[in-house]
Structure formats: structure tokens, C-alpha cells
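Structure first, commentary second.
Numbering (the working numbering), first residue to last: 657 to 911.
Below, the structure is given as C-alpha cells:
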């Protein structure tokens with residue numbers, strides 16, 4: 657099905673997006689929250705009959721101490737990775753670092769390891785697993801409420817499709833795993849309506865920075881990728897591109 661052409665974006669409209677003037681234009685009495693509409697689920701459910709893989713719990717991790725000042729000083733985008741596999745416990749640590757649940761307040765809100773506007777957390781975390789100990793290469797998704805992975809599906813020739821989706825950036829498929837975050841805007845729009853786009857973009861930065869710092873603790877590296885082919889990436893994840901779509905990628909590997 658052919659998608660409708662998006663509205664033209666000008667330099668001025670892009671700058672308007674970066675300001676907070678948009679809040680003046682929102683009818684706050686008409687938001688789904690104000691109208692008493694139930695909030696969207698905080699986690700996309702696993703498909704019926706899907707395979708769930710429990711992740712090692714936090715108490716079992718053996719993550720070496722990491723000085724925060726050193727981690728910030730040494731943080732950099734890394735595009736070359738060693739060929740060794742990433743232990744499953746270290747993957748669990750990285751996933752908890754970027755979207756882990758600290759507490760569930762009620763059906764509409766959970767406290768996580770990263771901030772999010774209005775505690776809305778509009779992201780799902782997909783993993784193109786390429787070289788993880790104990791995990792078959794495939795496409796997975798993190799379930800933060802369960803601290804588990806759901807097997808989305810096997811993808812033939814996953815590294816090639818991943819590199820193609822990343823506009824030919826081969827390093828995107830040369831680590832142990834590539835994080836791919838999608839946005840489900842309705843989670844944030846429930847509260848913020850037209851003002852959601854800016855805060856969703858800001859929230860994405862919070863989670864990827866946590867990934868950078870967490871990688872420093874396990875002698876790994878990452879590189880945030882915001883240049884990708886939208887349609888190819890959405891197709892790889894099998895998302896509709898409207899209610900859910902890719903917004904950010906980050907390959908991770910030992911360095």
C-alpha cells in the first residue's frame with residue numbers, strides 16, 4: 657500500500673519543533689488523558705505462543721566496578737569491534753541500563769533507569785543478535801516488565817539486511833548485537849498530544865547515553881546511528897511505520 661506523502665519540512669518548521677512554543681497550540685482539555693481515555697500499555701505484549709527467554713537477574717551479574725568520571729571521560733563512538741561473543745548476563749545488564757524497570761507505579765506508569773517525559777517511555781527495544789553467548793542469531797525484543805526477551809523471528813542473512821537498513825554502514829552489523837529502538841508515539845501523545853514529538857526525541861537521547869556509559873563498564877563500545885533507511889528498518893522489524901517505527905540504532909561489541 658502506497659503511503660501518503662508527508663508534509664514538507666522547512667528549516668523554520670524544524671526549528672519550531674525544537675522550541676517549546678508548540679505547547680501553546682495544544683488543547684490540553686482534549687488530550688486522551690484529559691478525556692479519561694485509558695493509557696496505552698507500557699509494554700508491547702509478546703505474541704501468543706511466542707518463545708520467551710528469561711534473562712539473568714541483576715543479583716547474578718558480575719559487572720566490574722566502573723568509575724563514573726572515567727566512563728564519561730572515555731566515552732566515545734566506537735565502530736570497530738572484536739569478534740568475541742557478548743555474555744548473556746552482560747546483555748541483560750545493558751538492557752536493564754537502557755530500559756530496565758525500577759518500580760511499577762500503576763498500569764499507566766513504570767519507573768525505569770532512564771527519564772522520560774511524563775513517565776511515558778514510548779520505546780520498544782529490538783535486538784539484532786549476532787554473537788551472544790547462549791542465544792541463536794535472530795531478531796528479539798526486550799520485555800522490561802518481565803526482564804526477558806521474546807523471539808520475534810529468524811531473519812535470513814540478518815547481517816546483510818541490517819547493514820542495508822543502516823544505509824550501507826557495515827559496522828552496524830559487525831558487533832555482537834545491534835540495538836534498534838522503535839517509538840510508539842501514542843504512549844506519549846496520550847498525555848502531550850502535538851507536543852509529543854520533541855520530548856520523544858529527547859527521551860531517545862537519554863536511553864542511548866545510558867548505553868554508552870554501560871558499555872564502558874564491560875569493555876564494550878557502541879555508536880549511535882540516526883542515519884538509516886526508514887522503510888527497510890521498519891520492514892526488518894515488521895512494524896507498520898505509523899503507529900510504531902524505528903528511531904535509533906546502536907551496534908554493540910567488545911573493544
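C-beta atoms are modelled at their ideal positions from N, C-alpha and C, and glycine is treated no differently.
Sub-9 Å separation of residue 872 and residue 759 beta-carbons: Indexing the chain shown from 1 puts residue 872 at position 216. Indexing the chain shown from 1 puts residue 759 at position 103. Going by C-beta atoms, residue 872 is not nearer than 9 Å to residue 759.
Starting from the Cα of residue 733, find the closest Cα among 880, 836, 795, 848 and give me that residue. Residue 733 sits at position 77 when you count from the first residue of the chain shown. Ranking the options by Cα distance to residue 733, first place goes to 880.
Of all the options 883, 763, 772, which has the alpha carbon lying nearest to the alpha carbon of residue 825? What you label residue 825 is simply residue 169 of the chain shown in a count that begins at 1. Per the Cα distances, 883.
How big is the Cα-Cα spacing for residue 761 and residue 767? Counted from its first residue, the chain shown places residue 761 at position 105. Counted from its first residue, the chain shown places residue 767 at position 111. Those two C-alpha atoms are separated by around 7 Å.
Where in the segment 743 to 796 do unbroken runs of the alpha helix (DSSP H), each at least 4 residues long, occur, reported from the N-terminal end onward? 744 to 755
Could you give the residue range of the beta strand (DSSP E) that holds residue 844? Taking the first residue of the chain shown as 1, we reach residue 844 at position 188. Element bounds for residue 844: not the beta strand (DSSP E) but the alpha helix (DSSP H), 842 to 848.
Starting from residue 815, trace the beta strand (DSSP E) in both directions and tell me its first and last residue. Locating residue 815 in the chain shown gives position 159, counting from the first residue. That residue, residue 815, is in no beta strand (DSSP E); its alpha helix (DSSP H) goes 814 to 821.
Helix or strand or just coil, what does DSSP make of residue 832? Within the chain shown, numbered from 1, the residue matching residue 832 stands at position 176. In the structure shown, residue 832 sits in coil (DSSP, three-state: anything other than H, G, I, E or B).
Over the uninterrupted alpha helix (DSSP H) stretch that includes residue 868, give me the two end residues. Within the chain shown, the letter at position 212 stands for residue 868. It spans 852 to 873 - the alpha helix (DSSP H) in which residue 868 sits, taken as one unbroken run.
Of the residues 730, 676, 702, 816, the one placed nearest residue 807, counting alpha carbons only: Within the chain shown, numbered from 1, the residue matching residue 807 stands at position 151. Among 730, 676, 702, 816, the Cα nearest to that of residue 807 belongs to 702.
For a quick check, are the C-beta atoms of residue 908 and residue 833 less than 9 Å apart? As a working note, residue 908 is residue 252 in the chain shown. As a working note, residue 833 is residue 177 in the chain shown. A contact, by the Cβ cut-off of 9 Å.
Hey, how far is the Cα of residue 837 from the Cα of residue 905? Walking along the chain shown from the start, residue 837 turns up at place 181. Walking along the chain shown from the start, residue 905 turns up at place 249. Residue 837 and residue 905: Cα-Cα distance of roughly 6 Å.
Under the rule that 16 or more other beta-carbon atoms within 10 Å means buried, what is residue 698, buried or exposed? Here residue 698 corresponds to residue number 42 of the chain shown, with the count starting at 1. Buried.
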